[in-house]
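Note sheet for the following structure.
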Amino acid sequence: MFTEAIGFVKCFVLVSVIKITLILSLTIILLIPQIFFTYAVKSASHVIPLFYHRILCLIIGIKIEIRGKPSFAERTLYVSNHCSYLDIVVLGSILPACFISKSEVSAWPFFGLLARLQRTIFIDRKAIRSTVEQVDVLSKRLLSGDSLILFPEGSSTDGTEVLPFKSSLFYIVSKESKNLGNFIQPITLAYTHVNEKRIDQKTRSKICWFGDATLLNHLWNFLGTLSSNVIVTFHDPVNKNIFKDRKDIAIFCHKRISALLKRINSNLVP
Numbered sequence: 069m070f071t072e073a074i075g076f077v078k079c080f081v082l083v084s085v086i087k088i089t090l091i092l093s094l095t096i097i098l099l100i101p102q103i104f105f106t107y108a109v110k111s112a113s114h115v116i117p118l119f120y121h122r123i124l125c126l127i128i129g130i131k132i133e134i135r136g137k138p139s140f141a142e143r144t145l146y147v148s149n150h151c152s153y154l155d156i157v158v159l160g161s162i163l164p165a166c167f168i169s170k171s172e173v174s175a176w177p178f179f180g181l182l183a184r185l186q187r188t189i190f191i192d193r194k195a196i197r198s199t200v201e202q203v204d205v206l207s208k209r210l211l212s213g214d215s216l217i218l219f220p221e222g223s224s225t226d227g228t229e230v231l232p233f234k235s236s237l238f239y240i241v242s243k244e245s246k247n248l249g250n251f252i253q254p255i256t257l258a259y260t261h262v263n264e265k266r267i268d269q270k271t272r273s274k275i276c277w278f279g280d281a282t283l284l285n286h287l288w289n290f291l292g293t294l295s296s297n298v299i300v301t302f303h304d305p306v307n308k309n310i311f312k313d314r315k316d317i318a319i320f321c322h323k324r325i326s327a328l329l330k331r332i333n334s335n336l337v338p
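Quick note, the numbering used here runs 68 ahead of the 1-based positions in the sequence shown.
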């Protein structure tokens, strides 16, 4: 028993170290080209991140099943539930879009740099006085032709339910705004398997980052897993003009995303 435990730990550490080495090598190789694209050729700034995230998925063993069709129309607002930092890798491997992230991420070592190079927009959800300013920044990105990815829960969860959506940032695609962005596409993320076994409450903590788990500890534990599966469902895109205001948009997206997540999770119960 003791020998088996030692063997498991050695295997876990070996897998984690190999993955970290590959991730760092990939990042270093693509770092300078991405800096060039980000500041010199913004129209091509999504090319390397798409490639980077797809290779990351291979390295860390994420298997993605895409359902529905992503809208690649300019100025689309993608709205998704949020389970983990892995959501960024998953969606970043599919969509040529900019993420909207909490301001704290910009100060994180390594991750903050990567986020800035992907032209992530950082917002401070607690600064009420700056809401207008933040909406203005997002609006300018839409007007420039960028599509944006929003996690309106404001926090990541264990993936069993969808928290209420904060509606303030939906203003950028509401009738009240003067933006050219017309389309909103809800996305449901559902993590279904870990190491080829159905996900349960115990293994959810390996994938989903929530509660008081620290980032580095969670990342280390995740890297020790061999594989994970996620279903990414793109709901039909909708035109902003069918909604009366930002709250209406938030409620619509929440209902779509939450209902499907419940159905998928119910099918995972033995």
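A virtual CB, placed ideally from N, CA and C, is assigned to each residue, including glycine.
*Length of the line joining the Cα atoms of V81 and S171*: Each residue's alpha carbon lies about 32 Å from the other.
*Can you tell me the Cβ-Cβ gap for C166 and D214, rounded? I've got them flagged as a contact below 8 Å.*
5 Å
_Need the endpoints of the alpha helix (DSSP H) that L182 sits in, please._
F179 to L185
*Per DSSP, V300 forms a beta bridge with which residues?*
I134 and L257
*State whether the segment 229–244 contacts the segment 298–316, with contact taken as three or more CB pairs (one from each stretch) at a distance under 8 Å.*
yes
*Of the residues T225, N149 and S224, the one placed nearest Q253, counting alpha carbons only*: N149
*Do you know whose CA, among N263, S113 and T256, lies nearest L291's CA?*
N263
*State the beta-bridge partners of V262 as determined by DSSP.*
DSSP lists K265 and S296 as partners of V262.
*Any contact of the segment 131–151 with the segment 218–226, i.e. 3+ C-beta pairs under 8 Å?*
yes
*Span of the beta strand (DSSP E) holding C166?*
C166 to K170
_Given V173 as reference, the closest of K323, R135 and L283 once Cα atoms are compared_ = L283
*Cβ pair S296, I88 closer than 8 Å*: no
*Report the partner residues of I252 according to the DSSP bridge assignment.*
Paired residues: L145 and V306.
*If you drop the 5 nearest sequence neighbours on each side, which residues of the same chain put their C-beta closer than 7 Å to that of D316?*
Excluding sequence neighbours, D316 sits near nothing in its chain.
*With C-beta atoms as the reference, is S152 less than 8 Å away from P305?*
no
*List the whole-angstrom C-beta distance separating I255 from F320, where the pair is believed to meet the contact cut-off of C-beta under 8 Å.*
No, I255 and F320 are not in contact; Cβ-Cβ is about 13 Å, not under 8 Å.
*Tell me which same chain residues have a C-beta within less than 7 Å of the C-beta of S245, skipping the five on either side of it?*
Result list for S245: S207 and Y239, in chain order.
*asked:* Rounded to the nearest angstrom, what separates R135 and R122 at their Cα positions?
replied: The alpha-carbon atoms of R135 and R122 are separated by roughly 17 Å.
*Where do the N-terminal and C-terminal ends of the alpha helix (DSSP H) with F190 fall, by residue?*
Per DSSP, F190 belongs to no alpha helix (DSSP H); it is in the beta strand (DSSP E), I189 to I191.
*Residues bridged to I217 by DSSP?*
Y146 and F167
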